[in-house]
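*Asks:* Residue numbers (my numbering): 758 to 1129. This is the structure I want to talk about, given as structure tokens.
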């Protein structure tokens, strides 16, 4: 299966707020095309001046037609974003199909499989995994059965999108990194989350990147120190180098990453607790305060955790407000002005501290109830 691109820095200008430019970071869309367009209209989004970013899971889970429309929009406009866990499933199914194509007789077998799948879905609608497994036993899969990865659900919405999307749309999904790092704004954008330290070691351990100044640039300028430390968070904390964790983490339970939102401690609580200990430019205070650490705080913008709703903390912004469940589609907006004019019925204009010395706003629209 294709490996995801490594974390990469984004274009720093998209967070500068110069002139009339805004940065608009949209939460999980999940194929809610009409809600996405409504949100962009309410924001008077202009591609000439505004920079649109998504936090992943732009497709699947919602209506198939909506997913294809959202994917086409993102591809056509090459919208900046990161990969979500549902996007990843679609990528994996498409890669699997191309792998099967490479086997003698593979194309013919896939054609027959898809025809059988179309017939099943025409009769039953979107079937359950258990039902599909039962039906597969009635099909003549022969030697091909072993080539279907265990736990993968044929004819799921992920499979259907993977089958129908164009080569350009596939390339767009493949181009999405797991993490975007914006050094000028001291910001990470990731679908599910990041950790500020390795939970298997004490927070003050010498191998924790926030517990000490970067070795090679101890005498460097603050900008160099911050950049080195932010990169160390990405590369020196093992859990942050694991794509599965980046795409699925919700909590830390018994020192391990978990996708559960019911057990353990939300990773964002750990993040904000650690950032609150960073002494920042007041390094002289590090030795005076018991819990202070020689680091500078950074912000994480993410999605994924719809069950927790809009989850806004000082150093993290959880933007998945459950649009696919008929709740709201939200965006974090950074602009060069003190106000944003949008439909008051569909907006939350609370001014929120962002980064070192900026402010942001959350803007949201109501989503229709979907039969999912």
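All C-beta atoms, glycine included, are put in the ideal place defined by N, C-alpha and C.
(1) Looking only at its chain, what residues have a beta carbon closer than 7 Å to the beta carbon of residue 834, apart from the 5 residues adjacent to it on each side?
(2) From what residue to what residue does the alpha helix (DSSP H) around residue 1087 run?
(3) What are the start and end residues of each continuous beta strand (DSSP E) run of 3 or more residues lying completely inside the region 796 to 851, in chain order?
(4) Looking at the secondary structure, which residues open and close the alpha helix (DSSP H) in which residue 932 lies?
(5) For residue 930, collect the residues of the same chain with a Cβ closer than 6 Å to its Cβ; drop the 5 residues on either side in sequence, then sort them by chain order.
(6) On the DSSP letters alone, give me the boundaries of the alpha helix (DSSP H) that residue 1016 sits inside.
(7) Between which two residues does the alpha helix (DSSP H) harbouring residue 937 extend?
(8) State the start and end residues of the unbroken beta strand (DSSP E) segment that holds residue 1123.
(9) Which residue from 814, 1083, 828 and 1023 puts its Cα closest to that of residue 1125?
(10) Pick helix, strand or coil for residue 792, following the three-state DSSP scheme.
(11) DSSP three-state call for residue 990: helix, strand or coil?
(12) Assign residue 903 to one of three DSSP states: helix, strand, or coil.
(13) Would you grab the beta carbon distance between residue 792 and residue 1090 for me? Rounded to a whole angstrom, and I think it's under 8 Å.
(14) Distance check for residue 1053 and residue 782, CA to CA, integer angstroms please.
(15) Determine contact between the region 1059 to 1072 and the region 821 to 830, defined as no fewer than three beta-carbon pairs at a distance below 8 Å.
(16) Three or more C-beta pairs under 8 Å: does that hold for the region 805 to 814 against the region 939 to 958?
(17) Just to confirm, is the Cβ distance from residue 1078 to residue 784 under 7 Å?
(18) Applying the criterion that 16 or more other CB atoms from any shown protein chain within 10 Å of the CB defines a buried residue, is residue 851 buried or exposed?
*Replies:* The answer reads as follows:
(1) Annotation for residue 834: 804 place their beta carbon closer than 7 Å to its own, counting only its chain and skipping 5 residues before and after.
(2) Unbroken run through residue 1087 is the beta strand (DSSP E), 1085 to 1091; no alpha helix (DSSP H).
(3) 808 to 811
(4) Counting along the chain, the alpha helix (DSSP H) containing residue 932 begins and ends at 924 to 932.
(5) 844 and 848
(6) No alpha helix (DSSP H) holds residue 1016; DSSP gives it neither H nor E.
(7) Where residue 937 is concerned, there is no enclosing alpha helix (DSSP H), although the beta strand (DSSP E) it sits in stretches over 936 to 939.
(8) In this chain, the beta strand (DSSP E) harbouring residue 1123 covers 1115 to 1123.
(9) 1083
(10) helix
(11) helix
(12) For residue 903, the three-state secondary structure derived from DSSP is helix.
(13) Not really, about 16 Å apart at Cβ, beyond 8 Å.
(14) 23 Å
(15) no
(16) yes
(17) In this structure, residue 784 lies closer than 7 Å to residue 1078 by Cβ.
(18) buried
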